[in-house]
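K.L.:
Its first residue numbered 3, the sequence shown is counted upward by one per residue in this note's numbering.
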Amino acid sequence: MADRVLLTGATGYIADQLLPTFRDRYQMVLVDVKAENRQGERVDDVAVTDLIDTDRSKYAHLFDGVDAVVHLGYKRRSGDPLEHFYDENQNVTMAYNVLRCAYEAGVPRVAIASSNHAADWYEHNLIHTRQMEMLDPYALPLSDNFYGWAKATYEHLGFLFANGLGGFNDASGRQSHTSNLAAGRRMGVVMVRIGAPRHLDINLYTDDPANYKRDLGAYISPRDLTQLFVKAIEAPNIDNAHGVPWQVVYGISNNTRAFWSLSNAREVLGYAPEDDSEVIYAEDIRRLLIESGAPGGRVGA
3 MADRVLLTGA TGYIADQLLP TFRDRYQMVL VDVKAENRQG ERVDDVAVTD LIDTDRSKYA
63 HLFDGVDAVV HLGYKRRSGD PLEHFYDENQ NVTMAYNVLR CAYEAGVPRV AIASSNHAAD
123 WYEHNLIHTR QMEMLDPYAL PLSDNFYGWA KATYEHLGFL FANGLGGFND ASGRQSHTSN
183 LAAGRRMGVV MVRIGAPRHL DINLYTDDPA NYKRDLGAYI SPRDLTQLFV KAIEAPNIDN
243 AHGVPWQVVY GISNNTRAFW SLSNAREVLG YAPEDDSEVI YAEDIRRLLI ESGAPGGRVG
303 A
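Have a look at this one:
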């Protein structure tokens with residue numbers, strides 16, 4: 003079991019859901035660019051730090067003596083979607099800095115908030131057109147936006163650090179570049195493709211039953227989200243089929259309308275979600291989907 007956990011994005015929306023349990027369970031090192039949450043409330047003990055800064059000497063010490071890192075930190079994108087590359091590229095830099103600091107500090111396990119958007123091309127083009135029933139997390143990540151591209155890039159970065167045996171090679175595969183990295187060390191990395199970690203307010207879906215059905219499949223409750231991240235940093239063995247300690251798992255509850263597979267989250271991490279959106283939102287489903295005569299099916303119109 004991890005004793006000391008570093009949490010980035012500690013004043014953010016996801017951290018708000020994790021922190022009550024995490025503070026009881028672990029010694030916490032909290033990092034964010036500000037000390038107040040979205041409600042303007044101060045979060046105690048936050049080290050105000052910009053992890054995008056490439057001078058890692060400013061914050062690398064925070065990773066010393068840490069048993070696990072949970073990386074939730076994120077810079078919001080703005081402007082035209084074609085310009086989102088620039089903000090998302092900074093998020094990729096931040097993910098690299100976190101992984102690099104954790105690797106050099108000897109941290110055994112890192113869990114990173116990826117997103118369902120890392121592979122949402124499948125959802126938009128195959129799931130909702132009913133050409134695919136269930137998406138496996140090991141399918142090649144394909145996105146149709148820069149946010150998803152960045153998350154997919156996080157996942158590949160995580161694989162590089164998890165596959166650290168023998169150092170890092172150049173593209174020819176012949177020359178190792180380990181610099182001051184711990185040559186030969188494999189750092190466990192779990193990428194959590196978070197679904198819809200929010201209350202599904204029926205008033206936001208009055209004229210959009212198709213999107214409501216989609217979000218019922220993507221929903222994850224606060225207690226399931228917390229359990230999943232706890233499992234991600236505490237599971238004793240996360241090796242994949244090739245012996246690399248790297249997993250990509252979907253972050254959803256035990257939803258009747260799920261269209262993302264939880265198979266490896268259950269089998270490798272021991273994740274046992276307790277909630278189902280079909281039960282939690284049964285009355286809203288009756289009103290919006292059944293009584294209104296909305297088309298059937300788990301997703302789509």
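For each residue, glycine too, the CB sits at the ideal point set by N, CA and C.
Compute the Euclidean distance between the alpha carbons of residue 12 and residue 75, then round it to the nearest angstrom.
P.N.:
Along the sequence shown, one-based indexing puts residue 12 at 10. Along the sequence shown, one-based indexing puts residue 75 at 73. Approximately 7 Å between the Cα atoms of the pair.
K.L.:
Excluding sequence positions up to five away, which residues of its chain have a Cβ less than 6 Å from the Cβ of residue 218?
P.N.:
For the purposes of this step, residue 218 is taken as residue 216 along the sequence shown, with counting starting at 1. Here the set comprises 259, 279.
K.L.:
If distances are taken between C-alpha atoms only, which option among 155, 189, 216, 195 comes closest to residue 202?
P.N.:
On the sequence shown, position 200 is the one that residue 202 refers to. Ranking the options by Cα distance to residue 202, first place goes to 216.
K.L.:
To the nearest angstrom, how far is it from the Cα of residue 150 to the Cα of residue 191?
P.N.:
Taking the first residue of the sequence shown as position 1, residue 150 is located at position 148. Taking the first residue of the sequence shown as position 1, residue 191 is located at position 189. Approximately 19 Å, taken between the alpha carbons.
K.L.:
Taking 8 Å as the threshold, find out whether the region 238 to 255 comes into contact with the region 204 to 213 through three or more Cβ pairs.
P.N.:
The answer is no - the region 204 to 213 does not touch the region 238 to 255, with fewer than three Cβ pairs under 8 Å.
K.L.:
What three-state label does DSSP hand residue 294 in the structure shown?
P.N.:
In the sequence shown, the residue the question calls residue 294 occupies position 292. DSSP places residue 294 in coil when its eight states are reduced to three.
K.L.:
What first and last residue would you give for the beta strand (DSSP E) that runs through residue 114?
P.N.:
Mapped onto the sequence shown, residue 114 falls at position 112. Element bounds for residue 114: 111 to 117.
K.L.:
Sorted by chain position, which residues of the same chain lie with C-beta nearer than 6 Å to residue 223's C-beta, five sequence neighbours on each side aside?
P.N.:
Position 221 of the sequence shown holds residue 223. Within the same chain, residue 223 has close Cβ partners 255, 277.
K.L.:
Out of curiosity, what's the CA-to-CA distance linking residue 71 and residue 27?
P.N.:
Position 69 of the sequence shown, counted from the start, is the residue given in the question as residue 71. Position 25 of the sequence shown, counted from the start, is the residue given in the question as residue 27. The alpha-carbon atoms of residue 71 and residue 27 are separated by roughly 14 Å.
K.L.:
Where DSSP assigns a beta bridge to residue 23, which residues make up the other side?
P.N.:
Residue 23 sits at position 21 when you count from the first residue of the sequence shown. Residue 23 is not bridged to any residue.
K.L.:
Give me the Cβ distance between residue 31 and residue 6, rounded to the nearest whole Å; I'm assuming they're in contact under 8 Å.
P.N.:
Along the sequence shown, read from residue 1 onward, the residue named residue 31 stands at position 29. Along the sequence shown, read from residue 1 onward, the residue named residue 6 stands at position 4. With 8 Å as the limit, residue 31 and residue 6 qualify as a contact, their Cβ atoms being about 7 Å apart.
K.L.:
Please list the terminal residues of the continuous beta strand (DSSP E) segment that includes residue 164.
P.N.:
Taking the sequence shown and counting its residues from 1, the one referred to as residue 164 is at position 162. First-last for residue 164: 148 to 164, but that is the alpha helix (DSSP H), not the beta strand (DSSP E).
K.L.:
Helix, strand or coil: how does DSSP classify residue 188 here?
P.N.:
By one-based count along the sequence shown, residue 188 stands at place 186. The answer is coil: DSSP assigns residue 188 none of H, G, I, E or B.
K.L.:
Take residue 120 and list the residues in its own chain whose beta-carbon comes closer than 7 Å to its own, dropping the five residues that flank it on each side.
P.N.:
Taking the sequence shown and counting its residues from 1, the one referred to as residue 120 is at position 118. Contacts found: 143, 145, 150, 153, 154, 157, 195.
K.L.:
Return the CA-CA distance between residue 60 and residue 235, expressed in angstroms with no decimal places.
P.N.:
Mapped onto the sequence shown, residue 60 falls at position 58. Mapped onto the sequence shown, residue 235 falls at position 233. The straight-line gap from Cα to Cα measures roughly 25 Å.
K.L.:
Any idea what DSSP makes of residue 6, helix, strand or coil?
P.N.:
The residue labelled residue 6 in the question sits at position 4 within the sequence shown. Looking at residue 6 - three-state DSSP - the assignment turns out to be strand.
K.L.:
For residue 136, does the three-state DSSP call read helix, strand or coil?
P.N.:
Residue 136 sits at position 134 when you count from the first residue of the sequence shown. Coil.
K.L.:
Please classify residue 289: is it buried, with 16 or more other beta-carbons within 10 angstroms of its beta-carbon, or exposed?
P.N.:
The residue labelled residue 289 in the question sits at position 287 within the sequence shown. Exposed.
K.L.:
What's the call for residue 82, buried or exposed, on a 16-neighbour Cβ count within 10 Å?
P.N.:
Position 80 of the sequence shown, counted from the first residue, corresponds to residue 82. Answer is exposed; the Cβ neighbour count stays below 16.
K.L.:
Spatial neighbours of residue 209 within its chain, please: C-beta separation below 6 Å, excluding the five flanking residues on both sides.
P.N.:
Position 207 of the sequence shown, counted from the first residue, corresponds to residue 209. Once the five neighbours on either side are set aside, residue 209 has no close Cβ partner at all.
K.L.:
Taking 8 Å as the threshold, find out whether the region 103 to 119 comes into contact with the region 225 to 239 through three or more Cβ pairs.
P.N.:
Yes, the region 103 to 119 is in contact with the region 225 to 239.
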